[in-house]
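Chemist: Input: one structure, supplied below.
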Amino acid sequence: MLDIKFIRENPETVKKGIAKKYNNVNIDKVIKLDNRRREIIREVEKLKAKRNQVSGEIAKKKRAGESAEEDILAMRQTGEKIAAGDERLKNVENELNELLKWIPNLPHESVPVGKDESANVVVRQWGEVTQKDFKVLPHWEIGKKLGILDLEAAAKLSGSGFYLLKGLGARLERALINYMLDIHTKEGFVEIAAPFIVTENTMFGTGQLPKMAEDMYKTEDDNMYLIPTAEVSLTNTYKQQIIDYKELPIYMVGYSPCFRREAGAAGKDTRGMIRVHQFDKVEMVKIVRPEDSYHELETLVQEAEKIIQNLNIPYRVVTLASGDLSFAAAKCYDLEIWSAGMEKYLEISSVSNFEDFQARRMNCRFRDEDKKVKYPHTLNGSGVALARLIPAILENYQNEDGTISIPKVLKPYMDGWERIS
RNA sequence: GGAGAGGUGGCCGAGCGGCUGAAGGCGCACGCCUGGAAAGCGUGUAUAGGUAACCCCUAUCCAGGGUUCGAAUCCCUGCCUCUCCGCCA
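Take the first sequence: its letter number 28 is residue 27 in numbering that gives the first Met the number 0, and every next letter is one higher.
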């Protein structure tokens, strides 16, 4: 959520910013409604002040045993005017909020401007993408051969877009989750195990709602949503509260399954476990002082990179172009891991700074040393997505004989297994 | 799911329909006192909106409705917490 005061005072900045995100909320209308709103507030508050004052006088008269009939009658009328004013105010506010909640966060100045991912900028590359001297099978083929990935069984259970891991495949996923949690908690991230099903208001807080409603699973009887990322649960842990400045920065990490309907993505990445309706992910969230957030963004990217580096798989870091940025993000880096079987990079982590956009929506604030209440900045980053990492391991660690070596750092988590065969 | 009890400021805890944005205590901050500290004393200590303005005004005692000139206080609905029973991984 953008600050209405900021919009009022910087309409051109806002218009330019949302244009970079190819958003078309009518800012002039927002400002018009805001003016109307404040006009009505001034009107109604004047009447309320009058009512409060006269009600006090009525009380005094009654105590003194005098008649207050005249005042009561007058206030009855004032009360009607107030009710009418409040009604008009509510209507204007509803209309205003309906627009406000659709205004995206503005891109940071360092974000490349462009319509879609073709304008993304590669900021660095890690590891050598070397050709192996044999044909690397894509993960769905090698996974099937080894009996550790069964897409047919998943389809039988849940239809298309699900995966089922078996034996050492399932073990590998569990190992990765534990490994990643261990790495991040060592860096001071507090491990959180939070609910996977949340209320509508929680989804609004991090910005999934209203815009991404089509992409989420919703429970029929209770109006609850299945989280599309642990970001929702972790970040919203601090909604509707004032944090003491001494608690900042807050670092959290949590594992969760992620549920995504992928509406509109039909026909895209249909093979294997690359684009699925449910996948596991370890997610990191930071809540920090505003002046630190861009530095924190860089260290958060590095934290995610560490996982892939330790696994020794090539990847690159990309800055998303304005048009490719998500609704709530001001700046975002994607980590793209090399898929040796598909011979392309796959997005495996998304690390974003939301500045105070989510904090406003969540009504999460902190009390600073100077006693003032301020909005913190929130960030999150995948650390990392399993449905992309597992394929990358199955492909990059594939041997010519069709076996898969266990990455060194995972061996302690794999109960002595050296390879999958 | 059934039966009760309850939701007031950072915390605890008062609160007859008007004089309560809210007593009192704790905590915290600052000052006095002290060689220094503790104790003691004094002062201060919510958030949001309106506004150039923490001068003032408005709103907020879980949330939403209602009664009333006036609601933390009365009525209705919902949510949450606790206790007991039932069910259950």
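Glycine included, every Cβ here is placed at the ideal spot set by N, Cα and C.
(1) Give a yes or no on whether the C-beta atoms belonging to Gly-322 and Gly-113 are separated by under 9 Å.
(2) Does the distance from the CB of His-276 to the CB of Ser-157 come in under 9 Å?
(3) Tell me whether Ser-255 counts as near the ligand NAD, meaning its Cβ is closer than 8 Å to at least one heavy atom of that ligand.
(4) Using the Cα positions of Phe-421 and Ala-320, report the straight-line distance between them to the nearest angstrom.
(5) Is the beta carbon of Asn-222 closer than 9 Å to that of Arg-205?
(6) Quick one: Cα of Asp-220 to Cα of Asp-214, how far?
(7) What is the residue span of the alpha helix (DSSP H) that Ser-292 lies within?
(8) Using the C-alpha atoms, what's the distance from Asn-96 back to Pro-209?
(9) For Leu-334, is the classification buried or exposed, using 16 other Cβ atoms within 10 angstroms of its Cβ as the cut-off for buried?
(10) Taking its Cβ as the centre, do 16 or more other Cβ atoms sit within 10 Å of Leu-324, making it buried, or is it exposed?
(11) Would a C-beta distance cut-off of 9 Å place Val-43 and Leu-88 closer than the cut-off?
(12) Determine the burial state of Tyr-178: buried for a count of at least 16 other Cβ atoms within 10 Å of its Cβ, exposed for fewer.
(13) Here's the rule I'm using: 16 or more other beta-carbon atoms within 10 Å means buried, otherwise exposed. How should Pro-411 be labelled?
(14) Can you give the Cα-Cα distance for Pro-406 and His-138, rounded to whole angstroms?
(15) Could you compute how far the alpha carbon of Ala-67 sits from the alpha carbon of Val-91?
(16) Under 9 Å, do Val-284 and Val-252 count as touching if we go by C-beta distance?
(17) Within the chosen definition, does the stretch 227-238 reach the stretch 372-380 through at least 3 CB pairs nearer than 8 Å?
(18) Is it the case that the Cβ atoms of Val-24 and Ile-30 are separated by a distance below 9 Å?
(19) Taking the straight line between their C-alpha atoms, what separation do you get for Val-13 and Ile-306?
(20) Using only the alpha-carbon positions, how far apart do Gly-142 and Val-408 sit?
(21) Compare the C-alpha of Met-272 against each of Gln-130, Ala-386 and His-183 and name the closest.
(22) Use the C-beta contact count for Ser-109: other C-beta atoms within 10 angstroms, 16 or more gives buried, fewer gives exposed.
(23) Give the secondary structure of Gln-277 by DSSP, where H, G and I count as helix, E and B as strand, and everything else as coil.
(24) Going by DSSP in three states, Ala-138 sits in which element: helix, strand or coil?
(25) Out of curiosity, what's the CA-to-CA distance linking Val-372 and Arg-364?
(26) Which residues mark the beginning and the end of the beta strand (DSSP E) in which Ser-348 is found?
(27) Tell me whether the beta-carbon of Ile-226 lies closer than 9 Å to the beta-carbon of Ile-196.
(28) Give me the Cα-Cα distance between Asp-33 and Asn-9, rounded to the nearest whole angstrom.
(29) Measure the beta-carbon distance from Ala-303 to Ser-381 and round it to whole angstroms, keeping in mind my assumption that it falls under 8 Å.
(30) Would you say Pro-111 and Asn-119 are within 9 Å of each other, going by their C-beta atoms?
(31) On the three-state DSSP scale, how would you describe Asn-398?
(32) Can you give me the C-alpha to C-alpha distance between Ala-193 and Ala-229, rounded to a whole angstrom?
(33) Can you tell me whether Asp-85 is helix, strand or coil according to DSSP?
(34) Could you check where the alpha helix (DSSP H) with Phe-356 kicks off and where it finishes?
(35) Tell me His-183's beta-bridge partners as DSSP assigns them.
(36) How long is the line joining the alpha carbons of Ala-73 and Arg-50, rounded to whole angstroms?
Modeler: According to the structure shown:
(1) yes
(2) Taking 9 Å as the cut-off, the beta carbon of His-276 is found closer than this to the beta carbon of Ser-157.
(3) In the structure on display, the ligand NAD does not appear, and there are no ligands present to speak of.
(4) In the structure as shown, the chain begins at 0 and stops at 420. Residue 421 is therefore absent and cannot be evaluated.
(5) Looking at the sequence itself, residue 205 is Thr, so the reference to Arg does not match. Not a contact, by the Cβ cut-off of 9 Å.
(6) 18 Å
(7) Counting along the chain, the unbroken alpha helix (DSSP H) around Ser-292 starts and ends at 292-309.
(8) 12 Å
(9) buried
(10) buried
(11) yes
(12) buried
(13) exposed
(14) Distance between the alpha carbons of Pro-406 and His-138: 16 Å.
(15) Approximately 36 Å between the Cα atoms of the pair.
(16) yes
(17) They touch, by the three-pair rule.
(18) no
(19) Straight-line spacing of the CA atoms in Val-13 and Ile-306 works out to 37 Å.
(20) Spanning the two alpha carbons is a distance of roughly 21 Å.
(21) For the set Gln-130, Ala-386 and His-183, the Cα lying nearest the Cα of Met-272 is the one of Ala-386.
(22) exposed
(23) DSSP places Gln-277 within a strand segment (E or B) once states are collapsed to three.
(24) According to the sequence as given, residue 138 is His; it is not Ala. Reduced to three states, the DSSP call for His-138 is helix.
(25) Inter-residue distance for Val-372 and Arg-364 is about 6 Å (C-alpha atoms, whole angstroms).
(26) 343-352
(27) Cβ atoms of Ile-226 and Ile-196: closer than 9 Å.
(28) 14 Å
(29) 6 Å
(30) yes
(31) coil
(32) 8 Å
(33) helix
(34) 356-361
(35) Answer is none; His-183 lacks a bridge partner.
(36) 9 Å
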